[in-house]
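A short worksheet on the structure shown next.
In UniProt numbering, the protein residues as written are 1 to 286.
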């Protein structure tokens with residue numbers, strides 16, 4: 001993918017990545033999980049490139065610490081406004097206007113949902129894949145992974161010193177990588193400073209009422225889950241879909257949390273059908 005750096009709404013540099021642009025293809029935004037490098041979804045982008053101009057960006061605050069002057073008072077709205085900024089930039093580069101199609105993955109699904117709810121003129125259709133929506137345990141039992149994270153990250157957020165203690169403990173007990181994507185998702189755990197920022201980001205994200213926000217999403221929405229997802233249980237997808245006004249059930253696929261990144265054929269075909277079929281019903285590209 002090609003890289004460019006653009007200013008965010010507050011002047012902070014955003015690292016944007018895109019496939020080869022064509023005025024004859026619609027733009028498709030891919031919203032990555034927090035702290036993930038774009039190369040993690042390269043296979044998916046290659047699979048989508050013949051059909052769309054694919055755009056993504058690496059989220060602020062967690063990855064490149066030097067670009068964020070302070071870690072005080074962080075809010076998830078920063079990520080949402082970054083999506084809107086990147087989408088507008090992508091449209092401008094190919095002479096398009098209007099809303100953009102969006103795929104949100106893991107915590108990126110939450111950001112995509114919030115953008116659709118809060119900035120409806122920016123999102124045309126929305127696909128939520130293995131979404132992390134921070135549902136309360138009374139609403140949906142968490143996975144073992146979610147329980148561990150919900151203990152670790154709020155503590156890391158309390159102070160840089162506490163994050164340093166946790167980082168030392170994690171480093172001493174670190175096991176072998178669990179998937180081929182380890183190098184793309186490990187940055188938040190690569191230093192005490194990164195872990196502290198990741199914790200602050202997590203706490204801000206956890207404050208969001210995603211079920212309430214989902215009820216205001218008017219765009220056509222596709223919800224995807226995987227049956228062996230150890231990070232986010234598929235049950236959460238069935239709960240969120242019940243709150244989305246224009247979603248029709250949950251599409252479940254075999255595999256784990258990373259099937260989207262592998263461009264799993266059946267899942268990719270479902271995404272293409274969702275966006276392609278809807279695109280045929282809408283106005284032509286300007």
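Beta carbons are placed, not taken as given, at the ideal position from N, Cα and C, and that holds for glycine.
**OP:** Give the straight-line distance between the Cα atoms of residue 40 and residue 181, rounded to the nearest whole angstrom.
**Re:** 6 Å
Original post:
By DSSP, does residue 5 sit in helix, in strand, or in coil?
Top reply: strand
**OP:** May I have a chain-ordered list of the alpha helix (DSSP H) segments no shorter than 4 residues that lie completely inside the segment 5-79?
**Re:** 42-48
Original post:
Nearest to residue 87 by CA position, among 17, 239, 2 and 71, is which residue?
Top reply: 17
Subject >> CB contact check: residue 120 to chain B, cutoff 8 Å >> reply: Absent here is chain B; the protein component of the structure consists of one chain.
Subject >> Where residue 282 falls, given that 16 or more other Cβ within 10 Å makes a residue buried >> reply: Any reading at residue 282 must be qualified, since the residue scores a pLDDT of 34, below 50, and its modelled position is unreliable; the value itself is stated next. Label assigned to residue 282: exposed.
**OP:** List the endpoints of the continuous beta strand (DSSP E) containing residue 205.
**Re:** Taken as a continuous stretch (DSSP letters only), residue 205 belongs to no beta strand (DSSP E), being part of the alpha helix (DSSP H) at 192-206.
Subject >> Cβ shell of residue 244 (< 6 Å), same chain only, five flanking positions each side left out >> reply: 214, 217 and 221
Subject >> Cβ-Cβ distance between residue 187 and residue 44 below 8 Å >> reply: no
Original post:
Whole-angstrom Cβ separation of residue 130 and residue 106, contact assumed at under 8 Å?
Top reply: 6 Å
Subject >> residue 101, DSSP secondary structure in three states >> reply: strand
Subject >> Rounded C-alpha distance that separates residue 123 from residue 33 >> reply: 18 Å
**OP:** Give every residue of the same chain whose Cβ lies closer than 6 Å to the Cβ of residue 58, excluding the five residues on either side of it in the sequence, and list them in chain order.
**Re:** 15 and 38
**OP:** State the start and end residues of the unbroken alpha helix (DSSP H) segment that holds residue 241.
**Re:** 235-241
**OP:** Could you spell out the range, first to last residue, of the beta strand (DSSP E) harbouring residue 222?
**Re:** 221-226
Original post:
Is residue 253 helix, strand or coil by DSSP?
Top reply: strand
**OP:** Output yes or no for whether 8 Å exceeds the beta carbon distance between residue 143 and residue 233.
**Re:** yes
Original post:
Roughly how many angstroms lie between the CA atoms of residue 80 and residue 265, to the nearest whole one?
Top reply: 29 Å
Subject >> In DSSP terms, what residue 127 is bridged to >> reply: 103 and 222
Subject >> Where the alpha helix (DSSP H) containing residue 160 begins and where it ends >> reply: 160-172
Original post:
If you drop the 5 nearest sequence neighbours on each side, which residues of the same chain put their C-beta closer than 6 Å to that of residue 205?
Top reply: 76
Original post:
DSSP three-state call for residue 263: helix, strand or coil?
Top reply: coil
Subject >> Neighbourhood of residue 201 by C-beta distance below 7 Å, restricted to the same chain and skipping five residues each side >> reply: 34, 61, 62 and 74
Original post:
What do you get for residue 56, buried or exposed, if any count of 16 or more other CB atoms within 10 angstroms of its CB means buried?
Top reply: buried
Original post:
Which residues in the same chain as residue 52 place their Cβ atom closer than 6 Å to its Cβ, once the five residues preceding and following it in sequence are excluded?
Top reply: 25, 26 and 28
Original post:
In angstroms, rounded to a whole number, what distance separates the CA positions of residue 1 and residue 149?
Top reply: 31 Å
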